[in-house]
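Chemist:
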Amino acid sequence: MYGLVLFLDAEPYCQSQWYRRLISQPYHQGHATPNVDLFSSLMWRNSKDDVAHELQLPEQTEQTHWLTFSLVEKYFYRKQREMCQTEASKVCMYITCSLRLFSA
């Protein structure tokens, strides 16, 4: 996240010592509010309904194509899934349900 702050040149947080002291350290101590407040001030989110008239997208359609894998392909994709599950479970250890994603 610091890379984004640095890219956006968000003073004073683009200076690493201030980012660490005011954002990173409190976040790692379980205080997400400074982090949420900073990124809420830097980012804007539009819902699809807010901008649908600007996008003029065509109707969406859905097509389903069923594939039949060979034994080698089945083995390969099963191993890929297992590897991804293992890596995702490592990341999920650090996610907490109490983390606020937005400022109230």
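Taking this note's numbering, the leading residue of the sequence shown gets 2, the next gets one more, and so forth. Heads up, the beta-carbon is just placed ideally off N, CA and C, and yes, glycines get one too. Please read these numbers as outputs of a predicted model, since none were measured by experiment.
1. Please name the residue, chosen from 64, 42 and 95, that lies closest to residue 11 on a Cα-to-Cα basis.
2. Please report the Cβ distance between residue 13 and residue 24, rounded to the nearest whole angstrom; I am assuming they are in contact, meaning their Cβ atoms lie under 8 Å.
3. Work out the CA separation of residue 50 and residue 1 for me, nearest whole Å.
4. Using C-beta distances below 6 Å, list every residue in its chain close to residue 3, excluding the 5 sequence neighbours before and after it, in chain order.
5. For residue 68, which residues from the same chain have a beta carbon less than 7 Å from its beta carbon, with the 5 sequence-adjacent residues on both sides left out?
6. How far does the alpha helix (DSSP H) with residue 26 in it extend, from its first residue to its last?
7. Out of curiosity, what's the CA-to-CA distance linking residue 7 and residue 76?
Modeler: Concretely, from the data shown:
1. By one-based count along the sequence shown, residue 11 stands at place 10. The option with the nearest alpha carbon to residue 11 is 42.
2. For this step, residue 13 is matched to residue 12 along the sequence shown. For this step, residue 24 is matched to residue 23 along the sequence shown. Not really, about 11 Å apart at Cβ, beyond 8 Å.
3. Absent from the model: residue 1. The displayed extent of the chain is 2 to 105, so no value can be given.
4. In the sequence shown, the residue the question calls residue 3 occupies position 2. So the qualifying residues of the chain are 20.
5. Locating residue 68 in the sequence shown gives position 67, where the first residue counts as 1. Closer than 7 Å at the Cβ level, and outside the excluded window around residue 68, lies no residue.
6. Position 25 of the sequence shown, counting from 1, holds the residue named residue 26. Note, residue 26: alpha helix (DSSP H), 26-29.
7. Translated into positions along the sequence shown, residue 7 becomes position 6. Translated into positions along the sequence shown, residue 76 becomes position 75. Near 43 Å, if we compare the C-alpha coordinates of residue 76 and residue 7.
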